[in-house]
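As numbered in the working numbering, residues 16 to 180 make up the sequence shown, in order.
Reading through the structure tokens given below for one structure.
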Amino acid sequence: MLLDDFNAAGRAEAAAALRPCLDIERWIEEIVGLRPFDSTEILLQTAGRAAEPFTEAEVEAALAHHPRIGERAAGNGVEARLSQSEQASLGAPDPAVAAAIAAGNRSYEEKFGQVFLIRAAGRSREEILAALNARLAHTPEEEQVVIGQQLREIAVLRLEGLIGA
Ligand code: 2AL
């Protein structure tokens with residue numbers, strides 16, 4: 016979708032385009048309502064800040080859309096294909112690192128009660144494992160902040176891919 020098409024689309028169509036990037040209604044509505052954008056750069060900057068800060072309930076609902084790191088998203092929908100492409104670097108066989116990530120995911124979920132989320136695109140498996148281990152030392156309050164940032168990073172990259180296409 017080109018920026019001009021996004022700017023000119025009806026509210027529902029523009030919202031539907033944004034939803035696979037980040038399913039937080041307040042974020043979607045704020046961006047849709049701020050159209051037209053003069054440039055993709057301004058749109059992406061806006062997406063990086065809209066609806067800040069997310070509430071705990073918003074974060075929890077948005078996290079439900081993301082498969083665990085190292086687990087392939089099920090299905091053929093837009094979100095599943097985006098996730099599969101973001102996690103492409105995790106596909107190469109390295110059983111030891113894969114096992115360490117799986118164990119880290121379990122520890123993280125036990126400690127924080129939610130899925131470990133990281134912007135995977137552009138990160139190697141080793142970088143993701145290091146980040147997972149470092150974040151296990153966080154307090155829940157610190158993790159809430161990091162997760163909000165990661166949701167935004169993933170959303171902005173997805174939007175960049177969408178509008179660039
Ligand atoms: C994901 C995902 O599906 N894409 C991404 O960048 N990160 N999942 C996750 N648990 O971090």
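For glycine and all other residues, C-beta sits at the position ideal for the given N, C-alpha and C.
* For the candidate residues Glu-45, Ser-54 and Leu-33, whose alpha-carbon lies nearest to that of Val-93? -> Ranking the options by Cα distance to Val-93, first place goes to Leu-33.
* Span separating the alpha-carbon of Val-171 from that of Leu-59 -> If I take the Cα positions, the gap works out to 6 Å.
* Asked: In chain order, which continuous runs of the alpha helix (DSSP H) of length 4 or greater are located wholly inside the segment 22–66?
  -> Segments of the alpha helix (DSSP H) lying fully in the segment 22–66: 26–33, 40–48 and 55–64.
* So the alpha helix (DSSP H) Asn-120 belongs to, where does it begin and stop? -> If you look at Asn-120, you'll find it in the alpha helix (DSSP H) that goes 110–127.
* To do: Give the C-beta separation of Val-74 and Gln-159 to the nearest angstrom, bearing in mind that I take them to be a contact with Cβ-Cβ under 8 Å.
  => Going by Cβ atoms, the distance from Val-74 to Gln-159 rounds to 7 Å, so yes, they are a contact pair.
* To do: Compute the minimum distance between the beta carbon of Gln-81 and the heavy atoms of the ligand 2AL, and state whether it is under 7 Å.
  => Position check: residue 81 holds His in this sequence, whereas Gln was assumed. For His-81, the shortest separation between its Cβ and any heavy atom of the ligand 2AL lies below 7 Å.
* Is the beta carbon of Gln-102 within less than 7 Å of some heavy atom of the ligand 2AL? -> Checking every heavy atom of the ligand 2AL against the Cβ of Gln-102, one is found closer than 7 Å.
* **Distance CB(Leu-76)-CB(Asp-38) smaller than 8 Å** => The amino acid at residue 76 is misidentified as Leu; the sequence shows Ala. A contact, by the Cβ cut-off of 8 Å.
* Looking at the structure shown, is Val-130 part of a helix, part of a strand, or coil, going by DSSP? -> In this structure, Val-130 counts as coil in the three-state DSSP scheme.
* **Bounding residues of the alpha helix (DSSP H) (the contiguous stretch that carries Ser-98)** => Unbroken alpha helix (DSSP H) run through Ser-98: 93–101.
* **Whole-Å CB distance - Leu-105 paired with Ala-135, under 8 Å assumed** => The pair is a contact, with the Cβ atoms about 7 Å apart (cut-off 8 Å).
* Quick one: grab the DSSP three-state call for Pro-82. => Pro-82: coil per DSSP, three-state reduction.
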